[in-house]
Amino acid sequence: MVTGLEKLSDLQQLPYDFIFVDTPPYLSADLPALFEMSDMVIIPTKPGIADLMAIRATIAMLQDVHDKNPKLKKVIVFNMVKMSSSITAKIKELVDAYEIPVFKRMITDRVSFARSLAIDDGIYGLEDTKAKEELDELTQEVIDILNN
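The working numbering numbers the first residue of the sequence shown as 12 and each following residue consecutively.
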């Protein structure tokens, strides 16, 4: 894992295909510059009203960098989804107002995801095949979008 880069320009020299930045927009003044050099930004959110409001700042930043990076792909992913809840469908309707696509695959609220943080292989070091399938399907969606 790479942390604490001295200069953002160093980021493009790293030998990685994917770089994940997991921070709320108010904690990093560097996000607009990162968005300018990115191919895709995935916006994670829980399917709730407060969470939907919380991603507005990220979406506003993405709109601000559109002129500098018009090819930037933006996608929302729902995580910690409770499958028995009806709120997810309602929140999905509200997300349409942002005019940003939503991944078909949602990440459900599984204990395995919490447990995987303490394991070297992450979720792939556990026996939860459904969790692995969720991540595999989400990964395939990312690849498909990047290739189009």
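A virtual CB, placed ideally from N, CA and C, is assigned to each residue, including glycine.
Extent of the continuous beta strand (DSSP E) to which residue i belongs
i      : result
Thr-56 : 51-56
Chain-order list of residues whose beta-carbon lies under 8 Å from that of residue i (same chain, five-residue window excluded)
i       : result
Ile-130 : Gly-136, Leu-137
Gly-59  : Ile-98, Ile-102
Met-12  : Interpretation of Met-12 is limited by its pLDDT of 47, a score under 50 that renders its predicted location unreliable; the figure taken from the coordinates is listed afterwards. Closer than 8 Å at the Cβ level, and outside the excluded window around Met-12, lies no residue.
Residue i (DSSP reduced to helix, strand or coil)
i       : result
Met-91  : coil
Val-86  : strand
Thr-119 : strand
Cut-off 6 Å between Cβ atoms - residues of its own chain near residue i, not counting five sequence neighbours on either side
i      : result
Ala-65 : none
Start-to-end residues for the alpha helix (DSSP H) that takes in residue i
i       : result
Lys-101 : 98-106
Ala-65  : 60-65
Lys-143 : 140-158
Whole-Å CB distance - residue i paired with residue j, under 8 Å assumed
i      : j      : result
Pro-43 : Val-76 : 5 Å
(message) Closer than 8 Å is the cut-off here; do at least three beta carbon pairs connect the stretch 49-65 with the stretch 84-97?
(response) Result yes; three or more Cβ-Cβ pairs closer than 8 Å.
(message) I want to know whether the stretch 105-113 touches the stretch 29-49 - three or more CB-CB distances under 8 Å.
(response) Contact between the stretch 105-113 and the stretch 29-49 is absent: fewer than 3 CB-CB pairs across the two stretches fall below 8 Å.
(message) With a threshold of 8 Å, are at least 3 pairs of Cβ atoms found where one atom belongs to the stretch 143-156 and the other to the stretch 114-133?
(response) Result yes; three or more Cβ-Cβ pairs closer than 8 Å.
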